[in-house]
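Undergrad: Chains as they are written, first to last, in the numbering used here: chain A, 1 to 219; chain B, 1001 to 1219.
Glycine included, C-beta positions come from ideal geometry on N, C-alpha and C.
Questions regarding the structure given below will be posed in turn.
2 protein chains.
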Amino acid sequence: MAKPRQARLTAAEVGLLQELDDESPNLWPADLNEVARKLLTSAVRCFASNGFHGTTTRDIPGMVGLSPAALYVYFPSKEQVLFELVRTGHEKALDYVRAPEIQHLGDAAERLRVIVSRYTEWHARHHVIARVCQYDLASLSVEHYNDILELRHQTNAVFRGAVQQGVDDGTFATVDVNRVARAMLSLGIDLVRWYRRDGSETPEQLGRFNADLALKMVR
Amino acid sequence: MAKPRQARLTAAEVGLLQELDDESPNLWPADLNEVARKLLTSAVRCFASNGFHGTTTRDIPGMVGLSPAALYVYFPSKEQVLFELVRTGHEKALDYVRAPEIQHLGDAAERLRVIVSRYTEWHARHHVIARVCQYDLASLSVEHYNDILELRHQTNAVFRGAVQQGVDDGTFATVDVNRVARAMLSLGIDLVRWYRRDGSETPEQLGRFNADLALKMVR
DNA sequence: GTCTATACTGCGATAGAC
DNA sequence: GTCTATCGCAGTATAGAC
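Structural data, given as structure tokens:
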């Protein structure tokens, strides 16, 4: 006999329910109804704690005091909820590392520093939704998964471009651009596995630390 | 209407079914029955492709031509199958980074290099089981999860010890030992997210690359 | 737009024949 | 030790009242 609903609050993820930052509700598209945005925020908590398959369509509306049927007023399926979440997360992170003020930075080292620190900060500050973005991709439909892949390619291109610029203008050593960019992305992404808000590190501190490491990688 | 059983072969993970290396069947404890070991190998594929909650107790025996009931001859529950997998993966990886021949390396840089490259190689070579070890921890029972945490702490200690040694004897700069060790672990762990055997990189090449990065981090 | 009730399906696990 | 059959329940999604 298995434990009943053991996954509802696992040892690994119990803390994540308290982890959602206050900004997260403001991430969602402005054209969405307020209740729809509350449901998305609830879904982030559920998916981050128990995964897509470990979350039921009762859990998501239940956490905001609504009945199971309420979910289907705003979303056609559980998968569509996941897609909305994952798409928003990827778009916001991408926007944050290719903001206009970064494009104009001529100094390669400074540009790389800003990109790496911003990417790291975003993943720390929004680590609950970022966790869903990294861990639950496999539950998307084929079409939705391909949409997300495209956003990820664009993010990768930002990193590769920043490294390439420094190699080209002689600021950096002649490193393996793809592999080095991949390592920098790994430092940001893997943070969603272990980061907690009650730890001793702020997103800004982590951003500076990872940016320092990134610059050491290209020297 | 949702797609029926969409998760059985997702866009993201479809390739993982072909990815299991030939060595993996030899990872399992020798005291296990041959059929039990086949079931574990099947479970690795299933969990890596669809996650623990996305895998049914019919999938696991089904992939080796057995009936649903056969699973319960060898394991008391699906969760116990996961635990057996995850425990074995963590133990083997830990053994590989604290092999006796590494303990005797007096040169801090050489010792760090071997630890980082071995950790990276292990995760590349066994990236399918390593993926389950990293992504499905939250589906373990509380007791089993704590057992795994202990193994992870020991692995972390190996990395921290190697960095600390070099800081103490002056080989390395006076870096933040915990954070730097964590970054090195991230480079190995995040590899399970993207590594595929048909890529252009061998586990050994990746091991050397990550070891080079690790040494740059402590200069 | 929200609810209660429920249709329908799939799941984890077990019984009992061979 | 393997099978077929099935129990009991949980899961996604919908119907229809209010």
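(1) Give the residues of chain B in contact with I189 of chain A, contact being defined as C-beta atoms less than 9 Å apart.
(2) Run through DSSP, which three-state label would Y1195 of chain B get?
(3) At 4 residues or longer, and completely inside the segment 23-72 of chain A: list those alpha helix (DSSP H) runs for me, N to C.
(4) Would you kindly check if the distance between the Cβ of L94 of chain A and the Cβ of Q134 of chain A is under 8 Å?
(5) So does the segment 1157-1168 of chain B actually touch the segment 1079-1093 of chain B, counting three or more Cβ pairs closer than 8 Å?
(6) How many angstroms separate the CA atom of M1001 of chain B from the CA atom of I129 of chain A?
(7) Nearest chain B C-beta to A183 of chain A closer than 8 Å, yes or no?
(8) Between the beta-carbon of F172 of chain A and the beta-carbon of A214 of chain A, is there less than 8 Å?
(9) Would Y976 of chain B pass as an interface residue toward chain A - the criterion being a Cβ-Cβ separation below 8 Å?
(10) Would a check of beta-carbon distances place F209 of chain A closer than 8 Å to chain B?
(11) For L1151 of chain B, would you say it is in contact with chain A, using Cβ-to-Cβ distances shorter than 8 Å as the test?
(12) R1118 of chain B CB to nearest chain A CB: under 8 Å?
(13) Under 8 Å Cβ-Cβ, which residues of chain B neighbour K216 of chain A?
(14) Assign N1210 of chain B to buried or exposed, taking buried as 16 or more other Cβ atoms, counted over all protein chains shown, within 10 Å of its Cβ.
(15) Quick check on DSSP: helix, strand or coil for R182 of chain A?
(16) Need the endpoints of the alpha helix (DSSP H) that R113 of chain A sits in, please.
(17) On the three-state DSSP scale, how would you describe D1095 of chain B?
(18) Is Y1072 of chain B buried or exposed, if buried means 16 or more other CB atoms sit within 10 Å of its CB?
(19) What is the DSSP secondary structure of A173 of chain A, counted as helix, strand or coil?
(20) Does the beta carbon of L213 of chain A sit closer than 8 Å to a beta carbon anywhere in chain B?
(21) Which residues mark the beginning and the end of the alpha helix (DSSP H) in which L1140 of chain B is found?
(22) Can we say the segment 1137-1153 of chain B touches the segment 1190-1207 of chain B, given the rule of at least three CB pairs closer than 8 Å?
(23) How far does the alpha helix (DSSP H) with P76 of chain A in it extend, from its first residue to its last?
(24) Taking only the alpha-carbon atoms, compute the straight-line gap between R1058 of chain B and A43 of chain A and give it to the nearest angstrom.
(25) Distance check for S1117 of chain B and A1181 of chain B, CA to CA, integer angstroms please.
(26) Using a 10 Å radius around the Cβ and a threshold of 16 neighbouring Cβ atoms, would you call H104 of chain A buried or exposed?
(27) Count the other CB atoms, across all protein chains shown, that sit within 10 Å of the CB of V1218 of chain B; report buried if there are 16 or more and exposed otherwise.
(28) Can you give me the C-alpha to C-alpha distance between A138 of chain A and S1049 of chain B, rounded to a whole angstrom?
(29) Where do the N-terminal and C-terminal ends of the alpha helix (DSSP H) with R1208 of chain B fall, by residue?
(30) Within 10 Å of its beta-carbon, does E1034 of chain B have 16 or more other beta-carbons around it, so buried, or fewer, so exposed?
(31) In angstroms with no decimal places, state the Cα-to-Cα distance between L1040 of chain B and G51 of chain A.
(32) Taking 8 Å as the threshold (beta carbon to beta carbon), is R131 of chain A in contact with chain B?
(33) What are the boundary residues of the alpha helix (DSSP H) that E1101 of chain B is part of?
(34) Mapping DSSP to helix, strand and coil, what is L20 of chain A?
TA: To lay it out plainly:
(1) S1186, D1190 and R1193
(2) coil
(3) Taken in chain order, the complete alpha helix (DSSP H) segments of 4 residues or longer contained in the segment 23-72 of chain A are 34-50 and 59-62.
(4) Judged by their CB atoms, Q134 of chain A and L94 of chain A are not nearer to each other than the 8 Å cut-off.
(5) No, the segment 1157-1168 of chain B is not in contact with the segment 1079-1093 of chain B.
(6) At M1001 of chain B the pLDDT is 34, less than 50, meaning the model places this residue with poor confidence; the figure from the coordinates comes in the next sentence. Roughly 26 Å separates the two Cα atoms.
(7) yes
(8) Taking 8 Å as the Cβ cut-off, F172 of chain A and A214 of chain A do not qualify as a contacting pair.
(9) Nothing about residue 976 of chain B can be reported from this structure: the residues present for chain B run from 1001 to 1219 only.
(10) Cβ-Cβ to chain B under 8 Å: yes for F209 of chain A.
(11) no
(12) no
(13) K1216, M1217 and R1219
(14) buried
(15) helix
(16) It spans A108 to R125 - the alpha helix (DSSP H) in which R113 of chain A sits, taken as one unbroken run.
(17) helix
(18) exposed
(19) coil
(20) yes
(21) Element bounds for L1140 of chain B: n/a, residue is neither H nor E.
(22) By the Cβ test, the segment 1137-1153 of chain B is not in contact with the segment 1190-1207 of chain B, since fewer than three Cβ pairs between them sit closer than 8 Å.
(23) That residue, P76 of chain A, is in no alpha helix (DSSP H); it is neither H nor E in DSSP.
(24) 28 Å
(25) 13 Å
(26) exposed
(27) buried
(28) Between the alpha carbons of A138 of chain A and S1049 of chain B lies a distance of about 8 Å.
(29) P1203 to M1217
(30) exposed
(31) Distance between the alpha carbons of L1040 of chain B and G51 of chain A: 22 Å.
(32) no
(33) Residues P1100 to Q1103.
(34) coil
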